[in-house]
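Trainee: In order, the protein sequence lines correspond to chains U and F.
Position one of the first sequence corresponds to residue 364 (my numbering), numbered consecutively onward.
Position one of the second sequence corresponds to residue 364 (my numbering), numbered consecutively onward.
Here it is, the structure, as structure tokens.
Protein chains: 2
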Amino acid sequence: MPKSPTGNDRVREDDSSRVTSETDLVQTYLASLTEGAPGAFGLTDDAALIAAQPGTDFVFSTDPIIADVHFFSDDQPRDVAWKALAVNVSDIAAKGAKPVAYLMNLAFPEAPRRVWMAEFARGLAEAQAEFGCRLIGGDTDHTPGPLSIGITMIGTLPSGTFVQRHGAQPGDHIFVTGTIGDAALGLALRRSPTLFQDVLTEGERDFLIGRYLRPGPRFALGEALRNHATAALDISDGFLKDLTRLAGTAGIALKFSAIPLSLPVRKALSTDRRVADAILGGGDYELLAAVPSSKAAAFRESARRLGIEIHESGVLGGSRTALFGADGTEIEPRELGYDHFSS
Amino acid sequence: MPKSPTGNDRVREDDSSRVTSETDLVQTYLASLTEGAPGAFGLTDDAALIAAQPGTDFVFSTDPIIADVHFFSDDQPRDVAWKALAVNVSDIAAKGAKPVAYLMNLAFPEAPRRVWMAEFARGLAEAQAEFGCRLIGGDTDHTPGPLSIGITMIGTLPSGTFVQRHGAQPGDHIFVTGTIGDAALGLALRRSPTLFQDVLTEGERDFLIGRYLRPGPRFALGEALRNHATAALDISDGFLKDLTRLAGTAGIALKFSAIPLSLPVRKALSTDRRVADAILGGGDYELLAAVPSSKAAAFRESARRLGIEIHESGVLGGSRTALFGADGTEIEPRELGYDHFSS
Chain U
364 MPKSPTGNDR VREDDSSRVT SETDLVQTYL ASLTEGAPGA FGLTDDAALI AAQPGTDFVF
424 STDPIIADVH FFSDDQPRDV AWKALAVNVS DIAAKGAKPV AYLMNLAFPE APRRVWMAEF
484 ARGLAEAQAE FGCRLIGGDT DHTPGPLSIG ITMIGTLPSG TFVQRHGAQP GDHIFVTGTI
544 GDAALGLALR RSPTLFQDVL TEGERDFLIG RYLRPGPRFA LGEALRNHAT AALDISDGFL
604 KDLTRLAGTA GIALKFSAIP LSLPVRKALS TDRRVADAIL GGGDYELLAA VPSSKAAAFR
664 ESARRLGIEI HESGVLGGSR TALFGADGTE IEPRELGYDH FSS
Chain F
364 MPKSPTGNDR VREDDSSRVT SETDLVQTYL ASLTEGAPGA FGLTDDAALI AAQPGTDFVF
424 STDPIIADVH FFSDDQPRDV AWKALAVNVS DIAAKGAKPV AYLMNLAFPE APRRVWMAEF
484 ARGLAEAQAE FGCRLIGGDT DHTPGPLSIG ITMIGTLPSG TFVQRHGAQP GDHIFVTGTI
544 GDAALGLALR RSPTLFQDVL TEGERDFLIG RYLRPGPRFA LGEALRNHAT AALDISDGFL
604 KDLTRLAGTA GIALKFSAIP LSLPVRKALS TDRRVADAIL GGGDYELLAA VPSSKAAAFR
664 ESARRLGIEI HESGVLGGSR TALFGADGTE IEPRELGYDH FSS
């Protein structure tokens, strides 16, 4: 395992050395991440180029992550790098697009340590290989604030096949990938390591924390979404908040039991009902899709073929979107998902 | 003139009210900036779309600006907005591309005041109208750090016409747009308002500060660059630093007198030779282009037709790039342009 640059291990002397210039930082650690992308010009130009691809539309998303807002400043740099790309790939994936390239702005409070940059670049390389995209440009800055990583992800899809957030119709089936709440509970465990110590095994706790640190965007579902979904989005701000957005005026009355949960989350929930709030807390980076009745079976089959676990939560058609407990009372979480500016 | 939200004027009560949510911020102030860009989906989706345009390549640049690093936190929000777009348009312009769309990440230390957001959005609208681009997406965050505005600019050009930074050849003529050093001296005046009080008129001081606050990227020169230049870049880090990059192995020995200077800068320089350092300080957002001898006249004529002032500084061909004073001694500025991480 790489040594954490912020850990308390005694570090070798060269572990504490720092990059000496922007050129050093860019050419030593980042330039190799552009391999295979001729339009990146090895990060020696001020702009990047993507050549025309007939019949191909471009999809863009941007979602920065900031230390101590979206990740902990002592998270492993490899995990931070992975998350920076993953949250953006997730947005692209929900539109049915394939990630191809990205630009990255790095703002550092001080010149980063070499060991940190090396591990950060390694995390980017891992994520690039997994998601199929390449670094093509960016910028580095000094900031009086916390470390900030601003990714703009560029995806492609066949012309005219973009899957919008809006467009879900009454009668559409609601599908959700994977399981919900793992990341939010993982975040709680990252904050309070002794939480659910008697309930969850070490492996279960690692699974949940892993889901928080390394979200796995569902970009492989792209073709299935393009072929079958009337609308889709990724669950970043919370299941109920994002479901409400997807349903729009169609509305849906959903039982809490219709939310797919992992075994560790079920175990935690059975001992503490407040876990229900956490489950709606966001950071899942799973996808929600609305699929017409006539295409539901084909969508299910596509997902199965792709090896992506999907769950049908219900059918749209109601005056509004609401969530109900087993006893029929409406669940109103204390915080309905995440908003940076609401009080 | 709009009231500065950070000024000492007595403000109306509603001047101090703040945006209440991300949706409020985005829909009240930013959504209208997407007009004419259907792929922005009125900022209601998580991703933006740009449809395929046969024969058109895409060019990308990203250059965030951070309060108290790249601008002063009490600068007028209209000027801040202008600069955020202008510095990115400048990168695109140097490649011969036309700015068409941008994504914007806003990170605020606290929910912004309504009056600040309204003026900021007005500045974006002014800049969009001038540069011909539209907002298509982005993200807003809370940050424990300073206000940060991260723009990713998207430009277009006819396939295969991207003008690289590298490629300048011995014998190429070096052209520079506008005048150099205005912005750096404007920054000095912004910091020390009494500087050159006896030398420069009020109008001259305003001109210099304006050049710092509102850089005017030379995107109109695009076609001329595409048709005639072997290489080009914009001068952001400093004239000598960027000239060295453009010249590459070709090299050029330049006299200081070959740098085009405005009258106010000449006046300041004649009373204080240290102004020479400031002139090389960067932030000009003018363009440097290398043009073969055979095309120099046509390039000059194109620029004249477009109404863009250009100056020929010299011809490439030397062992290295260096700058010399009138007495023949080499000028080595105390700081050779800007680097965020060098000590």
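For glycine and all other residues, C-beta sits at the position ideal for the given N, C-alpha and C.
What does a CB cutoff of less than 8 Å around F/Asp442 pick up in its chain, not counting 5 residues either side in sequence?
Mentor: Position 79 of the second sequence, counted from the first residue, corresponds to residue 442 of chain F. Within the same chain, F/Asp442 has close Cβ partners Phe434, Gly486, Leu576 and Arg577.
Trainee: Just to confirm before moving on: does the CB-CB distance between U/Ala470 and U/Thr515 stay below 8 Å?
Mentor: In the first sequence, residue 470 of chain U corresponds to position 107, counting from 1. In the first sequence, residue 515 of chain U corresponds to position 152, counting from 1. U/Ala470 places its beta carbon 8 Å or farther from that of U/Thr515.
Trainee: How long is the line joining the alpha carbons of U/Gly688 and U/Ala660, rounded to whole angstroms?
Mentor: As a first step, residue 688 of chain U is located in the first sequence; it is residue number 325 there, counting from the start. As a first step, residue 660 of chain U is located in the first sequence; it is residue number 297 there, counting from the start. Near 28 Å, if we compare the C-alpha coordinates of U/Ala660 and U/Gly688.
Trainee: Spatial neighbours of F/Arg608 within its chain, please: CB distance less than 7 Å, with the 5 preceding and 5 following residues excluded, ordered by chain position.
Mentor: On the second sequence, residue 608 of chain F is found 245 positions in, with the first residue counted as 1. Within the same chain, and ignoring the five residues on either side of F/Arg608 in sequence, the residues whose Cβ sits closer than 7 Å to its Cβ are Arg528 and Leu596.
Trainee: Between F/Glu482 and U/Asp605, what straight-line distance do the alpha-carbon atoms span, to the nearest angstrom?
Mentor: As a working mapping, residue 482 of chain F is identified with position 119 in the second sequence. As a working mapping, residue 605 of chain U is identified with position 242 in the first sequence. The straight-line gap from Cα to Cα measures roughly 31 Å.
Trainee: F/Ala454 lies in the alpha helix (DSSP H); which residues open and close that run?
Mentor: Residue mapping note: residue 454 of chain F aligns to position 91 of the second sequence, counting from 1. Looking at the sequence shown, residue 454 of chain F is not Ala but Asp. F/Asp454: member of the alpha helix (DSSP H) spanning Pro440 to Ala457, first to last residue.
Trainee: Identify which residue in U/Thr540, U/Pro627, U/Pro475 and U/Leu548 has its Cα closest to the Cα of U/Ser379.
Mentor: Within the first sequence, residue 379 of chain U is the residue found at index 16, counting from 1. For U/Ser379, the closest alpha carbon among the candidates U/Thr540, U/Pro627, U/Pro475 and U/Leu548 is that of U/Pro475.
Trainee: Look at the Cβ atom of F/Ala621, then the Cβ atom of F/Gly691, and state whether they are nearer than 8 Å.
Mentor: Translated into the one-based positions of the second sequence, residue 621 of chain F becomes position 258. Translated into the one-based positions of the second sequence, residue 691 of chain F becomes position 328. In this structure, F/Gly691 does not lie closer than 8 Å to F/Ala621 by Cβ.
Trainee: For the segment 398 to 419 of chain U, which residues have a CB atom closer than 9 Å to at least one CB atom of chain F, in sequence order?
Mentor: Cβ contacts with chain F come from Gly402, Phe404, Thr407, Asp408, Asp409, Ala410, Ala411, Leu412, Ile413, Ala414, Ala415, Gln416, Pro417, Gly418 and Thr419.
Trainee: Are at least three pairs of beta-carbons, each pair with one atom in the segment 646 to 662 of chain F and one in the segment 557 to 572 of chain F, less than 8 Å apart?
Mentor: no
Trainee: Among the candidates U/Leu584, U/Phe538, U/Pro417 and U/Asp504, whose CA atom is the shortest distance from the CA of F/Asp432?
Mentor: Here residue 432 of chain F refers to the residue found at position 69 when the second sequence is read from its first residue. The amino acid at residue 432 of chain F is misidentified as Asp; the sequence shows Val. Checked all of U/Leu584, U/Phe538, U/Pro417 and U/Asp504; the closest Cα to F/Val432 is U/Asp504.
Trainee: To the nearest angstrom, how far is it from the Cα of F/Gly544 to the Cα of F/Pro627?
Mentor: Looking up residue 544 of chain F in the second sequence gives position 181. Looking up residue 627 of chain F in the second sequence gives position 264. Inter-residue distance for F/Gly544 and F/Pro627 is about 10 Å (C-alpha atoms, whole angstroms).
Trainee: With a threshold of 6 Å on Cβ separation, who are the neighbours of U/Pro368 within its own chain once the five nearest residues in sequence on each side are excluded?
Mentor: Start at 1 with the first residue of the first sequence, and residue 368 of chain U comes out as number 5. The predicted position of U/Pro368 is uncertain, since its pLDDT is 40 and thus under 50; a value taken from the coordinates is nonetheless stated next. So the list reads Arg476, Val478 and Trp479, once near-sequence residues are dropped.
Trainee: In the structure shown, what three-state DSSP assignment does U/Tyr575 receive?
Mentor: If you number the first sequence from 1, residue 575 of chain U lands on position 212. Of the three classes helix, strand and coil, the one that applies to U/Tyr575 here is helix, per DSSP.
Trainee: Taking 8 Å as the threshold (beta carbon to beta carbon), is F/Asp372 in contact with chain U?
Mentor: To locate residue 372 of chain F, count along the second sequence from 1; it is residue 9. At F/Asp372, the pLDDT of 41 sits below 50, so the modelled position is not reliable and the matter cannot be decided from this model.
Trainee: Would you list the one or two residues that DSSP bridges to F/Glu675?
Mentor: Here residue 675 of chain F corresponds to residue number 312 of the second sequence, with the count starting at 1. The partner list for F/Glu675 (beta bridge, DSSP) reads F/Phe538.
Trainee: Is it right to say F/Asp561 is buried, meaning 16 or more other beta carbons lie within 10 angstroms of its own, or is it exposed?
Mentor: Indexing the second sequence from 1 puts residue 561 of chain F at position 198. Around the beta carbon of F/Asp561, a 10 Å sphere encloses fewer than 16 other beta carbons of the protein chains shown; the residue is thus reported as exposed.
Trainee: Any idea which residues DSSP pairs F/Leu412 with across the strands?
Mentor: Residue 412 of chain F sits at position 49 when you count from the first residue of the second sequence. The partner list for F/Leu412 (beta bridge, DSSP) reads U/Val422.
Trainee: Taking 8 Å as the CB-CB cut-off, is F/Gln560 touching chain U?
Mentor: Residue 560 of chain F sits at position 197 when you count from the first residue of the second sequence. So no, F/Gln560 is outside the interface.
Trainee: Looking at the C-beta of F/Pro507, does it have a partner C-beta in chain C at a distance below 8 Å?
Mentor: This model lacks chain C altogether, as its protein chains are U and F.
Trainee: Taking a Cβ distance cut-off of 7 Å, strictly less, list which residues of the segment 578 to 609 of chain F are near chain U, in chain order.
Mentor: Leu596 and Asp597
Trainee: Would you check if there are 3 or more beta carbon pairs closer than 8 Å linking the segment 636 to 644 of chain F to the segment 538 to 557 of chain F?
Mentor: yes
Trainee: Mind listing the chain U neighbours of F/Pro313? Cutoff is C-beta to C-beta under 8 Å, in chain order.
Mentor: Here chain F comprises residues numbered 364 to 706, so residue 313 of chain F is not present and cannot be evaluated.
Trainee: Counting along the chain, where does the alpha helix (DSSP H) carrying F/His591 start and finish?
Mentor: Looking up residue 591 of chain F in the second sequence gives position 228. Start and end: Gly585 to His591.
Trainee: Express the C-alpha separation of F/Ala587 and F/Ser665 in angstroms, rounding to a whole number.
Mentor: Numbered from its first residue, the second sequence carries residue 665 of chain F at position 302. Numbered from its first residue, the second sequence carries residue 587 of chain F at position 224. Taking the straight line joining both Cα atoms gives about 6 Å.
Trainee: Return the CA-CA distance between F/Pro440 and U/Thr425, expressed in angstroms with no decimal places.
Mentor: On the second sequence, residue 440 of chain F is found 77 positions in, with the first residue counted as 1. On the first sequence, residue 425 of chain U is found 62 positions in, with the first residue counted as 1. Their backbone Cα atoms lie some 23 Å apart in a straight line.
Trainee: Name the residues in the segment 434 to 463 of chain U whose C-beta lies less than 7 Å from a C-beta of chain F; which are they?
Mentor: Within the segment 434 to 463 of chain U, the residues whose Cβ lies closer than 7 Å to some Cβ of chain F are Asp454, Ile455, Ala457 and Lys458, listed in chain order.
Trainee: When you compare only the Cα positions, how much space is there between U/Pro462 and F/Leu412?
Mentor: What you label residue 462 of chain U is simply residue 99 of the first sequence in a count that begins at 1. What you label residue 412 of chain F is simply residue 49 of the second sequence in a count that begins at 1. Going from the Cα of U/Pro462 to the Cα of F/Leu412 covers about 13 Å.
Trainee: Are the C-beta atoms of U/Phe494 and some chain F residue less than 8 Å apart?
Mentor: Residue mapping note: residue 494 of chain U aligns to position 131 of the first sequence, counting from 1. Judged by the 8 Å Cβ criterion, U/Phe494 is not in contact with chain F.
Trainee: With a threshold of 8 Å between beta carbons, is F/Arg528 in contact with chain U?
Mentor: Counting from 1 along the second sequence, the entry for residue 528 of chain F is found at position 165. Taking Cβ atoms only, chain U reaches closer than 8 Å to F/Arg528, which makes this a yes.
Trainee: Can you name the residues of chain U whose CB is closer than 7 Å to the CB of F/Asp431?
Mentor: Looking up residue 431 of chain F in the second sequence gives position 68. In chain order: Pro507.
Trainee: What residues in the segment 528 to 543 of chain F have a beta carbon less than 7 Å from any beta carbon of chain U?
Mentor: Arg528 and His529
Trainee: Would you mind reading off the limits of the alpha helix (DSSP H) that contains F/Pro627?
Mentor: As a working mapping, residue 627 of chain F is identified with position 264 in the second sequence. Where F/Pro627 is concerned, the enclosing alpha helix (DSSP H) stretches over Leu626 to Thr634.
Trainee: Could you check if F/Ala414 is buried or exposed, using at least 16 other CB atoms within 10 Å of its CB as the buried criterion?
Mentor: Here residue 414 of chain F refers to the residue found at position 51 of the second sequence. F/Ala414 should be labelled exposed.
Trainee: Compare the Cα-Cα distances from U/Gly611 to each of F/Thr407, F/Pro401 and F/Ala613 and report the closest residue.
Mentor: By 1-based counting over the first sequence, the position of residue 611 of chain U is 248. Among F/Thr407, F/Pro401 and F/Ala613, the Cα nearest to that of U/Gly611 belongs to F/Thr407.
Trainee: Please check the pair F/Gly513 and F/Pro472, which I expect to be a contact at CB under 8 Å, by giving their CB distance rounded to whole angstroms.
Mentor: Your numbering for residue 513 of chain F matches position 150 in the second sequence. Your numbering for residue 472 of chain F matches position 109 in the second sequence. In fact, because the Cβ distance is near 15 Å, the residues do not count as touching under 8 Å.
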